[in-house]
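K.L.:
In this note's numbering, the protein residues as written are 1 to 169.
One structure follows; several queries about it will come next.
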């Protein structure tokens with residue numbers, strides 16, 4: 001698929017089939033993630049955790065619902081949740097996460113997978129969330145954002161987007 005086609009087809013998927021991407025597909029997503037730019041080249045301050053364990057994802061959803069009082073599933077029953085963690089204490093952790101997750105999302109689109117950037121619920125739970133203990137992170141690392149991935153259940157919902165633009169000549 002040409003890059004312009006990937007960009008045109010990229011959208012935030014919120015409805016997934018039960019089919020789970022195979023390990024080879026997940027590795028391709030991780031390869032794309034590893035090629036993302038990281039502030040100051042500090043790749044050693046970043047971690048990725050691939051979660052396919054339904055119980056852990058249900059624990060995340062339950063903890064989010066209890067903490068926020070919301071009933072929605074912030075992971076949309078996706079079969080894979082890739083969490084980006086960092087040991088940075090600057091805003092660069094968010095920029096790093098954005099670059100990594102965008103690479104994963106674009107690669108997922110190329111591969112016919114759906115994806116959705118998950119930041120709000122990760123941040124709502126914070127550094128002391130119970131689910132973090134199950135991630136086996138090195139000391140000093142904590143989740144910043146994530147991306148859910150899986151096969152879309154139905155037709156894509158690509159929408160037109162417009163960002164106001166100023167031109168200065």
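In this text, a Cβ means the ideal position worked out from N, Cα and C, and glycines have one as well.
Just to confirm, is the Cβ distance from residue 153 to residue 17 under 7 Å?
P.N.:
yes
K.L.:
Can you have a look at residue 159 and say buried or exposed, based on whether 16 or more other CB atoms are within 10 angstroms of its CB?
P.N.:
With fewer than 16 other Cβ atoms within 10 Å, it is exposed.
K.L.:
Starting from residue 34 and walking both ways along the alpha helix (DSSP H), at which residues does that stretch end?
P.N.:
23–34
K.L.:
Using the DSSP secondary-structure output, state which residues sit across from residue 83 in a beta bridge.
P.N.:
49, 146
K.L.:
With distances taken from CA atoms, which of 91, 164, 73 is nearest residue 176?
P.N.:
Absent from the structure is residue 176, since the part of the chain shown begins at 1 and ends at 169.
K.L.:
Measure how close the beta-carbons of residue 32 and residue 104 come, nearest whole angstrom, since I'm counting them as under 8 Å.
P.N.:
6 Å
K.L.:
Count the other CB atoms within 10 Å of the CB of residue 3; is the residue buried (16 or more) or exposed (fewer)?
P.N.:
Burial is judged here by how many other beta carbons sit within 10 angstroms of a residue's own beta carbon; residue 3 has fewer than 16 and is exposed.
K.L.:
Could you spell out the range, first to last residue, of the beta strand (DSSP E) harbouring residue 114?
P.N.:
114–118
K.L.:
Excluding the 5 residues flanking residue 78 on each side, which residues of the same chain have their C-beta closer than 7 Å to its C-beta?
P.N.:
16, 148, 149, 150
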